[in-house]
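Chains as they are written, first to last, in the numbering used here: chain A, 105 to 422; chain B, 763 to 1202; chain C, 10 to 177.
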Amino acid sequence: QKTIKWRMQTYAGPALAEHVVKPAIDSFNKIAGDRMQIELYFADQLVPTAELFRAMQRGTIDAVQSDDDSMASPTEVTVFGGYFPFASRYSLDVPVLFNQYGLNEIWDAEYSKVGVKHLSAGAWDPCHFATKEPINSLEDLKGKRVFTFPTAGRFMAQFGVVPVTLPWEDIEVAVQTGELDGIAWSGITEDYTVGWADVTDYFLTNNISGAWAGSFFANMDRWNELPDDLKELLKLTMDSSHYYRQWWYWGGEASLRVNGTKMKLTTIPDAEWDQVEKAAVKFWDEIAAESETKKKVVDIFKKYNADMQKAGRPYRYS
Amino acid sequence: MSYELIAILMFSAMMLMLMTGQRVFGAIGFVGAAAAMLLWGTGGSDIPFSAAMKLMKWYPLLTLPMFIFMGYVLSESRIADDLYRMFHVWMGPVRGGLAIGTIGLMVLISAMNGLSVAGMAIGATIALPELLRRGYDKTMVTGVIQAGSSLGILVPPSVVLVLYAMIARQPVGQLWLAGVVPGLMMAGLFVLYIAIRCHFQPRLGPVLPAEERDIPLSEKLSLLRAGLLPLGIFAAMMVPFVNGWTSLVESSAIGAMTAFLAAVLKRRMTREVFETSVRQTLAISCMFMWIILAALGFGAVFDGLGAVRAIEDLFTEQLGLSPWMILILMQLSFIVMGTFLDDTAMLVIVAPLYVPLVQALGFDLIWYGVLYTITTQIAYMTPPFGYNLFLMRAMAPPSISIHDIYRSIVPFVAVMVIALALVMAFPQIALWLPHAVYSK
Amino acid sequence: MPRAIELYVRYVEAVNRRVGRIAMYLIFVLVGILLWSSISKTFFLPSLWTLEMAQFMMVAYYILGGPYSIQLDANVRMDLVYGSWSPRTKAWVDAFSVLFLIYFLGVLLYGGLNSTIYSLEYGERSPTAWRPYLWPIKIVMCVGIGLMILQAVAEFFKDLGRIRGEQL
Ligand code: NA
Ligand code: NA
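Right under this line is the structure:
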């Protein structure tokens, strides 16, 4: 029997992929052996990230790891992928939202409409600013050209941030060549892992989202062709990837804040940052007004955050 | 089909296609497209166009037409004539002085543009006829101009280093700075070679006759002002860039604008100069961009079919070589491939294969960028395939035969190999300047 | 050569020359956009649109200028062997090898049309804060690649002409 071969491209470059996806795919390949091999490609390696969705839909690439936002999925839920402002506070919020609050079903339905299988969503790191100049107030954010996600960029533009989108692998260079003043794309673990800590000096401890939401996707036909046991193995693989990231980021964020030497920490006082949180509530309503599906998702976010609030400590402290 | 077989098949098909003399982008693009259609499976037909979208997002490529335009404005408007006079008068009294002055001229031209084309054009049109008229040895001066113009891609700004930076994902600013000292060192080695040769064989580079040297000091000093122009253009472009006020692509636009304004102010921007500069910029930019487009598509197919893994496996596992051996082997393979592959295509196809390997072997990618550029320069100059050779053949007066051109580069290539060896042995030659400037 | 072919070559070359001559001035638009980018960054708030607009301009520049660059004979060939052939041999080989070029351009156009249809169907926007629609630039690319094919076919006819000793 012929070995099934998949090409999977991740949004992440090699240094980051080493943690967010590669260990899981290596395990998969070891176990599946001659029956199936997934060849992993990194950011922009076969196709540019913005073309990922289309390439997968057409079958040029069999599977993708990315958030919905960066790969520009033509779905109603795209805006919620990546960093939807203040939708999550901890990385455990993401799997709970998907598995217990009904996001899985909505995602599955939306992607089925466009010929793509939504396989599994997981949590990544929080969204902080890493900048060349210190950010101590909202005023300091004005006019800063920052690499960030499309939706996060749309949201932060009201505070004078100028969002710039470039190929992921070019960011470090772009900070050095002056194309960018900073990055609002990750937590401190990634800043150190991918080298951004070498080109920026300051890390803002306030974040606009507690955890990134990203997913694995596959071309619908390729998925349907898989035998059931390989489907099962792929699910376990993705869960092991999600689990790895849970501890890798959670531990990394704390450890580098305490022990990291490359970036100085700055903080915008809570009272001032409150403006941003308030703006997010407004932003949610704007998005909800755009369509029925979006309203459904926003309502779930609202319900979830209200529940967490009621549950009190340790779920929410304020 | 095994990965090795695909790698061999695609490379030999490309070689064969290139041999037919079809346009390089057509030959490479065809092999990429055909392999995608035959071997990829579902969706393979989308890859060539997907490469076009990838190319669109490669923002540092915006500097390419800017630097090409700059080069054409500089050479077509002949605003470098004064510069040449400056070197001519100041260096005339020395044995081989005019040739040495030409190297100096080339260093300044290099600081104003990112390719070797402008240096070559200026050297061949201004310096070459003068040098021949003064009885300089034709083989020597042909070599001087080719070697000197090759500095264009090592001394910042440099298009080759921009391309390398995109492929290796390394900061352009650091790469440019890393090219400065090796570039100047190489210029110094050229000068040393000329001086020594002419010292022992004065007939190769006779001193100027006494009556020509008799120029009042005041006039000599006023000629130095010509040196302000390149300094001004270089500063207008590089100062805001290094300080982070403008980005790389913005700086290149400032450079293009400054060169254009300089030509207008010096009343050299005639209708004809304007037409030639604008038209040739389009022609050369199109040549580069279409080759890069085709090569990106080829590269994605090559990679997606597993051929890249095969080559990496060959170097690291199967041959069982030490990192330095692999590095030297890679440098040699560039020169060999330079004999049949167009230089831009070589950059876009081969560099993505080698860069991850270099990184995996633990070498510094900024340092490798400089090695890479010097090797590219050597490839530019070694027969039978090389831009500098082509350009020289097109621009040289009829008295200089193709054999003279081939012969002329021998000693200079030797000097470049020495420079390459020095940078390999002492990485600090390349690295101390970027480290000094960018150390946090 | 049949009159239809002569007319084809003449018209295609005229159109491509005109399109290329217009595209060639886009270099100044490109300079303008990049200068505005640095000016707006220094004195006002940086513009959201400059980088992407410059990228679109660059693509239009080299894709639409492509056929004219073929007319200008700017595209390098490897002339190690080719250079030593007689004009007639060159014409024979060119007439054959240009078909490979046409094949490449055909695949490129096929991918481009698919991509453009997708853009129109889903109202695809660039995933950036400026969020421009992508169909305009994709249409420009398809038109440019289409013109490139027309030019390559004209080259084929010109090669046939050369084999028969006619200058088209
Ligand atoms: Na240069
Ligand atoms: Na060569």
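Ideal Cβ positions, reconstructed from N, Cα and C, are used throughout, including at glycine.
Item to check | Where A/Lys407 falls, given that 16 or more other Cβ within 10 Å makes a residue buried | outcome: As a first step, residue 407 of chain A must be located in the first sequence, where it is residue number 303. Exposed is the call here.
Checklist entry - From B/Gly950 to B/Trp1194, what does the alpha carbon distance come to, in whole angstroms? => result Taking the first residue of the second sequence as position 1, residue 950 of chain B is located at position 188. Taking the first residue of the second sequence as position 1, residue 1194 of chain B is located at position 432. Rounded to whole angstroms, B/Gly950 to B/Trp1194 spans 18 Å at the Cα level.
Checklist entry - Of all the CB atoms in chain B, is at least one closer than 9 Å to the CB of A/Ile165? => result On the first sequence, position 61 is the one that residue 165 of chain A refers to. Yes, its Cβ sits closer than 9 Å to a Cβ of chain B.
Checklist entry - What residues from the region 159 to 185 of chain A come within 7 Å of chain C, judged by C-beta to C-beta, listed N to C? => result Asp173, Ser174, Ala176 and Pro178
Item to check | Contacts that B/Ile809 makes with chain A (C-beta to C-beta distance below 7 Å) | outcome: For this step, residue 809 of chain B is matched to residue 47 along the second sequence. Here the neighbours are Thr164.
Next on the checklist: Between the alpha carbons of A/Lys221 and A/Trp211, how many angstroms are there, rounded?
Outcome noted: Sequence index remark: in the first sequence, residue 221 of chain A carries index 117 (1-based). Sequence index remark: in the first sequence, residue 211 of chain A carries index 107 (1-based). Each residue's Cα considered, the two are about 9 Å apart.
Checklist entry - Any idea which residues DSSP pairs A/Arg111 with across the strands? => result Taking the first sequence and counting its residues from 1, the one referred to as residue 111 of chain A is at position 7. Its beta-bridge partners are A/Glu143.
Item to check | Reference B/Met848; option with closest CA among B/Ser839, B/Gly897 and B/Gly859 | outcome: The sequence position of residue 848 of chain B within the second sequence is 86, counting from 1. Cα-wise, what sits closest to B/Met848 is B/Gly859.
Checklist entry - Would DSSP call B/Ile907 helix, strand or coil? => result Here residue 907 of chain B corresponds to residue number 145 of the second sequence, with the count starting at 1. If DSSP states are grouped into helix, strand and coil, B/Ile907 belongs with the helices.
Item to check | Alpha carbon of B/Val903 to alpha carbon of B/Ile1167, nearest angstrom | outcome: The residue given as residue 903 of chain B occupies position 141 in the second sequence. The residue given as residue 1167 of chain B occupies position 405 in the second sequence. If you take the alpha carbons of B/Val903 and B/Ile1167, they lie about 10 Å apart.
Item to check | Counterpart residues of B/Gln1121 in DSSP-defined beta bridges | outcome: Counting from 1 along the second sequence, the entry for residue 1121 of chain B is found at position 359. Its beta-bridge partners do not exist; DSSP assigns none.
Checklist entry - Roughly how many angstroms lie between the CA atoms of B/Glu1074 and B/Ala769, to the nearest whole one? => result The count along the second sequence starts at 1 and reaches residue 1074 of chain B at position 312. The count along the second sequence starts at 1 and reaches residue 769 of chain B at position 7. Rounded to the nearest angstrom, the two C-alpha atoms are 11 Å apart.
Next on the checklist: Using a Cβ-Cβ cutoff of less than 8 Å, which residues in the same chain neighbour A/Thr309 once the five nearest sequence positions on both sides are dropped?
Outcome noted: On the first sequence, position 205 is the one that residue 309 of chain A refers to. So the qualifying residues of the chain are His232, Arg361, Leu369, Thr370 and Thr371.
Checklist entry - Expressed to the nearest angstrom, what Euclidean distance is found between the alpha-carbon atoms of A/Ala213 and A/Thr341? => result One-based indexing of the first sequence puts residue 213 of chain A at position 109. One-based indexing of the first sequence puts residue 341 of chain A at position 237. About 23 Å.
Checklist entry - Identify the residues that DSSP records as bridge partners of A/Ala288: which are they? => result Here residue 288 of chain A is taken as the residue at index 184 of the first sequence, counted from 1. Note: A/Ala288 sits in a beta bridge opposite A/Thr252.
Item to check | Same chain only: Cβ atoms within 8 Å of B/Leu1094, ignoring 5 sequence neighbours per side | outcome: Numbered from its first residue, the second sequence carries residue 1094 of chain B at position 332. Contacts found: none.
Item to check | Outcome for B/Leu1027 when other beta-carbon atoms lying within 10 angstroms are tallied against a minimum of 16 | outcome: In the second sequence, counting from the first residue as 1, residue 1027 of chain B sits at position 265. Exposed.
Item to check | Residue burial classification, A/Leu338 (beta-carbon count within 10 angstroms, cutoff 16) | outcome: The residue labelled residue 338 of chain A in the question sits at position 234 within the first sequence. With 16 or more Cβ atoms within 10 Å of its Cβ, A/Leu338 is classed as buried.
Checklist entry - Are the beta-carbon atoms of A/Gly225 and A/Ala317 separated by less than 9 Å? => result Along the first sequence, one-based indexing puts residue 225 of chain A at 121. Along the first sequence, one-based indexing puts residue 317 of chain A at 213. The identity of residue 225 of chain A in the sequence shown is Ala, whereas the question assumes Gly. Their beta carbons are under 9 Å apart, which means A/Ala225 touches A/Ala317 by this criterion.
Item to check | Span separating the alpha-carbon of B/Ser872 from that of B/Ala1021 | outcome: Here residue 872 of chain B refers to the residue found at position 110 when the second sequence is read from its first residue. Here residue 1021 of chain B refers to the residue found at position 259 when the second sequence is read from its first residue. Each residue's alpha carbon lies about 13 Å from the other.
Next on the checklist: Please report the straight-line C-alpha distance between B/Phe1096 and A/Ile391, rounded to a whole angstrom.
Outcome noted: Along the second sequence, one-based indexing puts residue 1096 of chain B at 334. Along the first sequence, one-based indexing puts residue 391 of chain A at 287. The alpha-carbon atoms of B/Phe1096 and A/Ile391 are separated by roughly 54 Å.
Item to check | Residues within the region 253 to 281 of chain A neighbouring chain B, beta-carbon criterion of under 8 Å | outcome: Leu270, Pro271, Glu273, Asp274, Glu276, Val277, Ala278, Gln280 and Thr281
Item to check | Straight-line Cα distance separating B/Gly791 from B/Ala813 | outcome: As a working mapping, residue 813 of chain B is identified with position 51 in the second sequence. As a working mapping, residue 791 of chain B is identified with position 29 in the second sequence. Answer to the nearest angstrom: the Cα atoms are 11 Å apart.
Next on the checklist: Is it the case that the region 1053 to 1066 of chain B contacts the region 872 to 888 of chain B, given that we only count it when at least three CB pairs across the two stretches are under 8 Å?
Outcome noted: no
Checklist entry - What span of residues does the alpha helix (DSSP H) with A/Phe320 cover, start to end? => result Here residue 320 of chain A refers to the residue found at position 216 of the first sequence. Where A/Phe320 is concerned, there is no enclosing alpha helix (DSSP H), although the beta strand (DSSP E) it sits in stretches over Ala317 to Asn323.
Item to check | Assigned secondary structure, A/Ala167 (DSSP; H/G/I helix, E/B strand, else coil) | outcome: Taking the first residue of the first sequence as 1, we reach residue 167 of chain A at position 63. Residue state, collapsed to three classes: strand.
Checklist entry - Among A/Asp374, A/Thr397 and A/Glu394, which one has its Cα closest to the Cα of A/Ser422? => result As a first step, residue 422 of chain A must be located in the first sequence, where it is residue number 318. Of the listed residues, the one whose Cα sits closest to A/Ser422 is A/Asp374.
Checklist entry - So C/Thr125 is in the alpha helix (DSSP H); what residue range does that whole segment cover? => result For this step, residue 125 of chain C is matched to residue 116 along the third sequence. Run containing C/Thr125: Pro96 to Tyr131, per the alpha helix (DSSP H) assignment.
Checklist entry - Once you ignore the five residues that flank B/Ile977 on each side, which residues in its own chain have a CB closer than 7 Å to its CB? => result Looking up residue 977 of chain B in the second sequence gives position 215. Taken in chain order, the residues that qualify are Val851.
Item to check | Status (buried if at least 16 other CB within 10 Å, exposed otherwise) for A/Val303 | outcome: For this step, residue 303 of chain A is matched to residue 199 along the first sequence. It is buried - the Cβ of A/Val303 has at least 16 other Cβ atoms within 10 Å.
Checklist entry - Do three or more CB pairs link the region 41 to 53 of chain C to the region 1005 to 1015 of chain B at distances below 8 Å? => result yes
Checklist entry - Rounded to the nearest angstrom, how far is the Cβ of B/Ala1069 from that of B/Tyr765, given a contact under 8 Å? => result Here residue 1069 of chain B is taken as the residue at index 307 of the second sequence, counted from 1. Here residue 765 of chain B is taken as the residue at index 3 of the second sequence, counted from 1. So it is a contact: roughly 6 Å between Cβ atoms.
Checklist entry - Is the region 247 to 267 of chain A touching the region 178 to 192 of chain A, taking contact as three or more C-beta pairs under 8 Å? => result yes
Next on the checklist: If you follow the alpha helix (DSSP H) that C/Ala161 is in, where does it begin and where does it stop?
Outcome noted: Along the third sequence, read from residue 1 onward, the residue named residue 161 of chain C stands at position 152. It spans Trp144 to Ile172 - the alpha helix (DSSP H) in which C/Ala161 sits, taken as one unbroken run.
Next on the checklist: Excluding the 5 residues flanking A/Pro152 on each side, which residues of the same chain have their C-beta closer than 8 Å to its C-beta?
Outcome noted: Taking the first sequence and counting its residues from 1, the one referred to as residue 152 of chain A is at position 48. So the qualifying residues of the chain are Pro271.
Next on the checklist: Can you pull out the residues from the region 189 to 201 of chain A whose beta carbon lies closer than 7 Å to at least one beta carbon of chain C?
Outcome noted: none
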